[in-house]
Each structure stands twice: as structure tokens, then as C-alpha cells.
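*Asks:* Got a structure for you, written out below as C-alpha cells; questions coming shortly.
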Amino acid sequence: MKYFIETYGCQMNVHDSERMAGLLEQSGYDPADSDRDADIVVINTCSVRERAEDKLYTRLGEIKEMGRDHGRDPLVVVAGCVAQQEGPKLIKRSKGIVDLVIGTQQVKMLPMLAQQALSERPPAGSLWPKADGRIAIDNPYEDPSFPLGVVRRGDPVRSYVTIIEGCNDFCAFCVVPYTRGHERMRSRAEILADVREAADSGRREVQLLGQIVNHYQAPDDPSCDFPALLEAVQEVPGIDRIRFASPHPRHTSARLIAAVRDLPKVCKHLHLPVQSGSSRVLALMRRRHTREEYLDLVARIRAAIPNVQLSTDIIVGFPGETDADFDETLSLTEAVGYHGIYSFKYSERPNTLAAKRMPDDVTDAEKKRRIVALQSLQRSVQSNLFQRSIGTTHEVLVDATSRRHEWELTGRTSGNTVVNFPGPPEWLGKLVDVTIRRAGPNSVWGETVM
Ligand code: 5AD
Ligand code: SF4
Numbered sequence: 132m133k134y135f136i137e138t139y140g141c142q143m144n145v146h147d148s149e150r151m152a153g154l155l156e157q158s159g160y161d162p163a164d165s166d167r168d169a170d171i172v173v174i175n176t177c178s179v180r181e182r183a184e185d186k187l188y189t190r191l192g193e194i195k196e197m198g199r200d201h202g203r204d205p206l207v208v209v210a211g212c213v214a215q216q217e218g219p220k221l222i223k224r225s226k227g228i229v230d231l232v233i234g235t236q237q238v239k240m241l242p243m244l245a246q247q248a249l250s251e252r253p254p255a256g257s258l259w260p261k262a263d264g265r266i267a268i269d270n271p272y273e274d275p276s277f278p279l280g281v282v283r284r285g286d287p288v289r290s291y292v293t294i295i296e297g298c299n300d301f302c303a304f305c306v307v308p309y310t311r312g313h314e315r316m317r318s319r320a321e322i323l324a325d326v327r328e329a330a331d332s333g334r335r336e337v338q339l340l341g342q343i344v345n346h347y348q349a350p351d352d353p354s355c356d357f358p359a360l361l362e363a364v365q366e367v368p369g370i371d372r373i374r375f376a377s378p379h380p381r382h383t384s385a386r387l388i389a390a391v392r393d394l395p396k397v398c399k400h401l402h403l404p405v406q407s408g409s410s411r412v413l414a415l416m417r418r419r420h421t422r423e424e425y426l427d428l429v430a431r432i433r434a435a436i437p438n439v440q441l442s443t444d445i446i447v448g449f450p451g452e453t454d455a456d457f458d459e460t461l462s463l464t465e466a467v468g469y470h471g472i473y474s475f476k477y478s479e480r481p482n483t484l485a486a487k488r489m490p491d492d493v494t495d496a497e498k499k500r501r502i503v504a505l506q507s508l509q510r511s512v513q514s515n516l517f518q519r520s521i522g523t524t525h526e527v528l529v530d531a532t533s534r535r536h537e538w539e540l541t542g543r544t545s546g547n548t549v550v551n552f553p554g555p556p557e558w559l560g561k562l563v564d565v566t567i568r569r570a571g572p573n574s575v576w577g578e579t580v581m
């Protein structure tokens, strides 16, 4: 029996797919090269924006067509945030294409449920775990989904380790508290065991994951907050680099800034979602910080860590966002000088405060105009930064061979810039010093220092 997993969305989903792969392999399934030769196809979905959700329905249509053309009938599993949000409705709405819907808290039950679904076919019916099977997500320390189970790491160099699941912040636009549940902290002991396991399996970089990583407080050690956790991870032999996503500006304390500055393995990069440059919109979004507080934080980070690189997430066209508000987003983007931004058109999400109380009143044409303007500004900010980096030398962790040429490698600097340079495939997973020679809008080219 073979499985195939397709993943959409954030690193948390990428990591959940690694867990599902590990669990399926432990139960005797082998990985398939494509959905065409799989007996189980898992689609791990994202619902943070509408477009990601539309992709699911497109994919389900393709899978059905593939089955018709090739006389195959794989078990179709929908997992992830759309699964959590829509539940058994998906089975009906997909007109029988979907066999099994598995929520975000039930990853560990996948092999058992898949077995059950395979033996009960047809008809599939709803295997959405009932209320009692639904893990008590409000009770963090008895949550049976911890520890998280076996993992089949998909990346030879980078490993993901979840430190917090869920979120209690309820930003007005965000569906995550509804799809991933309340915030639950994993124990320090479990996290460190995962990091050691990742190091033992040859992974050089660890990425700590959580919706608000810097809200971390170990349930098993009152003295272990997020900076203390970074210190503990720093001590794990075999790990060269530590990254984390995403910190919240509000919890970015002086201690955390000092930890990023002082711990040599912690990358000098902070992904600090700002969402908007207008304090008025930030208040509507319930982000609990102002433009001024954010800019002040950026100034303190830069003063402490001069070579730090920043990136962010920005939403355009949030309900009530005026031209003047959007101009403030542009001016903040320029003032900060991000090395990268992820920008999104606001998309109304079910259950959220904005969906309930704030009409989606910016037209799609206007959202489009704003995102184009923002991205074009960012391209020039980024080009300037990359141009200025020409001639500088950076330690790069080689994370892949280029898709274009076998002799070309790609890697990232500590600041998270993607660098392409010539080198042998054996360097995968190694740290090498690279001098930047040429810059494009999204990445740079260099050569190793001999
Ligand atoms: N519409 C558009 N973008 C959103 N994001 C989250 N929810 C929405 C939404 N409803 C963006 C935010 C977040 C990133 C992961 O996705 O910028 O930081
Ligand atoms: Fe969503 Fe806000 Fe929580 Fe981030 S902090 S996951 S944006 S609710």
C-alpha cells in the first residue's frame, strides 16, 4: 500500500505532513512517487485565505478525473485547517470524492481511521471523530496528541519542531484560533527530545514553530520561557542553526532580543508580522500594538543586532482600510526596510470577528491595486538591500542543489537571504562562506571564499 501527501499552507502544515508520513510508514505504508500510484491520497489543507481553500476543490476534481481516466480509486483524505473548519460537510459537498476528513488535532489517528475507512468502503460515510473522539483541546496537558508521534522529515537539512499549537489571540481577521484550537504549550522535555532526534538524524537547522512562538512558557518548567528555550536548544550538539516562526511584536522582549543577539546558533533574522502600518487599522484588527510601538521595537532590535534582517506579513484591504491607512502601510514598509514581505489581500474567514462585525467593504479591484503598489515598493526596497550586499561575505547553510544546474547550490544566510552559488552536491547540509557577487530582486548569486 502506498500513500501520497500534498501540502498547502504554512510550515505548521508542512510539519503535520511529515508527521502523517511518519505515522503511515510506521503502519506499513510506503511513499508513492505521485498521486497516480497511491492507495491513499492525503490533502493537507490551509484555510487562512480563500484562494488556498479553492485549490482544494480544484484538486478534488482532478483526483476524481484521474481516477476515471486510470481506473483507480484511491482513498481520499482531507486533513488540515479546511478539514477542521468544514468537518463532515466536506464529504457531502465533494459528492463522495472525499472518504475521510481528519481535523488538525487528530493527526495521530490517521492510520487507524484510514484503515477503518478502507475496510468500510463503500460507502465511506463520515468518519469525523465524534465529540468524545475529538481531543480535549482545552486541556493542554492531557492532550493525547502530545507527544506528536513519529515524524518522517521531508527536508534533509531543516527540521521543524512544534513548540506551541493553536492560538488564543483572536486577531479579527484570523481563522487560526478556530482551525487549530486554543493555545497549547508542549513541554520543554519533549521539545528538546525532538531537537536531539532531529540532530541525530543529521538535520543541521531546527525551526521552532508556533503561532506566537515568543509566548512560550514551558508547562514542565516555570523558569523556561521562550528566550530560555532558545538557550536550551543552543546547547544541543549537532544543530548549527536555530530559526523560529513567528514571534509576535507584542511579546518581543528585551530578553528575547538579547538572546537572538548573543546565542551564536540563533539566526539573525526576525519574521515580525505587522499586518498594517496604520494604528487605526491595527486597532480594528485587534493586534494590540500601534505603528509607533512597532517602529520603536524595530529600532531597538536594529540597535542591538546591527546585521539583523527583518521580514513581515501584511494584509491589504482590511475592512475600513482607507487610502490614507494604506499609505501608512507603504511608509512603514519603506521605513523598516524589510528583506522580504508576504502580502495578502484581505479575505473574509468564517467565525472571525471581522466576518461577524465588519463588512468586507474594500473592493477587490482596490485590494488588487494596493497589493500591486505594495509589492512594487517592496521590490525596490529589496533590490536596494540586495545590491548593497554585493561584496559582503556570509556564512551560508547549503540546503539544496539548484533545479537548473547540478553544480549550482542554494542556501540561506543567517539573515535568511537565499544565495545561489557554484559548488558540489556533497556540500548539502554544510556551512560555507560565500561572497555575494550579483543581485536579483528575490535572491543573490555568489561564490565561495577559498
Ligand atoms: N485574509 C488575508 N490574509 C490573512 N492572513 C491571515 N488571515 C488572513 C485573512 N483573513 C495572513 C496574515 C498572517 C498570514 C499567515 O496570513 O498576514 O500573518
Ligand atoms: Fe492568527 Fe493573530 Fe493568532 Fe497569529 S496571533 S495565529 S494572526 S489570531
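In our numbering, the protein residues as written are 132 to 581. All residues carry an ideal CB built from backbone N, CA and C; glycine is no exception.
Counting pairs of beta carbons, one from the region 554-562 and one from the region 496-508, are three or more of them closer than 8 angstroms?
*Replies:* As far as the Cβ criterion goes, the region 554-562 does not touch the region 496-508, which means the pair count is below three.
*Asks:* Does the separation of the CB atoms of M151 and A210 fall below 8 angstroms?
*Replies:* Result yes, Cβ atoms of M151 and A210 sit closer than 8 angstroms.
*Asks:* Going straight from the alpha carbon of K508 to that of E423, what length do you get?
*Replies:* Going by the sequence as given, residue 508 is Leu instead of Lys. Computed Cα separation, rounded: 21 angstroms.
*Asks:* Using only alpha-carbon positions, find the residue among D204, V288, G451, K220 that is nearest to A249.
*Replies:* Residue 249 is actually Leu in this sequence, not Ala. Minimum Cα distance to L249 is reached at D204.
*Asks:* How about M416 and C302: do their beta carbons lie closer than 8 angstroms?
*Replies:* It is a contact, given that the beta carbons lie within the stated cut-off.
*Asks:* Helix, strand or coil: how does DSSP classify Q216 here?
*Replies:* Here Q216 sits in helix by DSSP.
*Asks:* Taking the alpha helix (DSSP H) that D325 falls in, what are its first and last residues?
*Replies:* Segment 319-331, the alpha helix (DSSP H) holding D325.
*Asks:* Determine whether the Cβ of M581 lies closer than 8 angstroms to any Cβ atom of chain B.
*Replies:* The question asks about chain B, but that chain is absent: this structure has only one protein chain.
*Asks:* In terms of alpha-carbon separation, which member of I388, L394, R386 lies closest to V367?
*Replies:* Minimum Cα distance to V367 is reached at L394.
*Asks:* Is H420 helix, strand or coil when you go by DSSP?
*Replies:* DSSP places H420 in coil when its eight states are reduced to three.
*Asks:* Which residues end up in the neighbourhood of the ligand 5AD when you take C-beta atoms closer than 6 angstroms to any of its heavy atoms?
*Replies:* Residues flagged by the Cβ proximity filter: V179, R180, F304, C305, P404, Q406, D444, I446, F475, Y477, S478, R480.
*Asks:* Determine which residues share a DSSP beta bridge with Y291 and list them.
*Replies:* Y291 is bridged to Q338.
*Asks:* Given that a residue counts as buried once 16 or more other Cβ atoms are within 10 Å of its Cβ, and exposed if not, what is E181?
*Replies:* So E181 ends up on the exposed side.
*Asks:* Rounded to the nearest angstrom, what separates P358 and R392 at their Cα positions?
*Replies:* Looking at the two C-alpha atoms, the distance is approximately 11 angstroms.
*Asks:* On the three-state DSSP scale, how would you describe E465?
*Replies:* Helix.
*Asks:* Go through its chain and collect everything with a Cβ distance to I370's Cβ below 6 angstroms, but skip five positions before and after it.
*Replies:* Excluding sequence neighbours, I370 sits near A330, V337.
*Asks:* For G546 versus Q440, is the C-beta distance shorter than 8 angstroms?
*Replies:* For G546 and Q440, yes; Cβs fall inside 8 angstroms.
*Asks:* Give the list of continuous alpha helix (DSSP H) stretches no shorter than 4 residues that lie fully inside the region 481-507.
*Replies:* Within the region 481-507, the complete alpha helix (DSSP H) runs of at least 4 residues are 484-488.
*Asks:* Enumerate in chain order the residues of its own chain whose CB-to-CB distance from A320 is below 7 angstroms, with the five nearest sequence positions on each side excluded.
*Replies:* If we look at A320 and ignore the five residues flanking it on each side, its Cβ neighbours are D351.
*Asks:* Taking only three categories from DSSP, how would you classify L258?
*Replies:* With a pLDDT of only 44 at L258, under the threshold of 50, the placement of this residue in the model should not be trusted, and no figure is reported.
*Asks:* For S442, which residues does DSSP report across the bridge?
*Replies:* In DSSP, S442 forms a bridge with H402, G471.
*Asks:* So is the beta-carbon of H400 under 7 angstroms away from any non-hydrogen atom of the ligand SF4?
*Replies:* Checking the Cβ of H400 against the ligand SF4 gives no.
*Asks:* If you run the structure through DSSP and keep just helix, strand and coil, what is P380?
*Replies:* Helix, per DSSP.
*Asks:* Sort K223, H201, Q236, G198 by Cα distance to N175 and report the nearest one.
*Replies:* For the residues K223, H201, Q236, G198, the minimum Cα distance to N175 belongs to Q236.
*Asks:* Mind listing, in chain order, the continuous beta strand (DSSP E) runs of no fewer than 3 residues lying wholly within the region 542-579?
*Replies:* Counting whole runs of 3 or more residues, the region 542-579 contains the beta strand (DSSP E) stretches 549-553, 562-570, 575-579.
*Asks:* Considering only heavy atoms of the ligand SF4, does any lie closer than 7 angstroms to the CB of P308?
*Replies:* Because some heavy atom of the ligand SF4 lies under 7 angstroms away, the Cβ of P308 counts as near it: yes.
*Asks:* Whole-angstrom Cβ separation of V306 and P481, contact assumed at under 8 angstroms?
*Replies:* At roughly 7 angstroms, the Cβ-Cβ gap stays under 8 angstroms, so V306 and P481 are in contact.
*Asks:* Please tell me whether V282 and G159 are closer than 8 angstroms, where the distance is taken between their beta carbons.
*Replies:* Result no, Cβ atoms of V282 and G159 do not sit closer than 8 angstroms.
*Asks:* Distance check for H470 and P353, CA to CA, integer angstroms please.
*Replies:* Approximately 36 angstroms, taken between the alpha carbons.
*Asks:* Let me check you understand the geometry: is the CB of C212 closer than 7 angstroms to at least one non-hydrogen atom of the ligand SF4?
*Replies:* Every heavy atom of the ligand SF4 is 7 angstroms or more from the Cβ of C212, so no.
*Asks:* Around the Cβ of V575, are there at least 16 other Cβ atoms within 10 angstroms (buried) or fewer (exposed)?
*Replies:* So V575 ends up on the buried side.
*Asks:* Does the beta-carbon distance from C398 to I343 come in below 8 angstroms?
*Replies:* Their beta carbons are not under 8 angstroms apart, which means C398 does not touch I343 by this criterion.
*Asks:* Using C-beta distances below 6 angstroms, list every residue in its chain close to L258, excluding the 5 sequence neighbours before and after it, in chain order.
*Replies:* Because the pLDDT at L258 is just 44, under 50, the model does not fix this residue reliably, and the point stays unresolved.
*Asks:* Using a 10 Å radius around the Cβ and a threshold of 16 neighbouring Cβ atoms, would you call I567 buried or exposed?
*Replies:* Result: buried.
*Asks:* Do the region 527-539 and the region 489-499 make contact, defined as three or more Cβ pairs closer than 8 angstroms?
*Replies:* With the cut-off at 8 angstroms, the region 527-539 and the region 489-499 do not touch.
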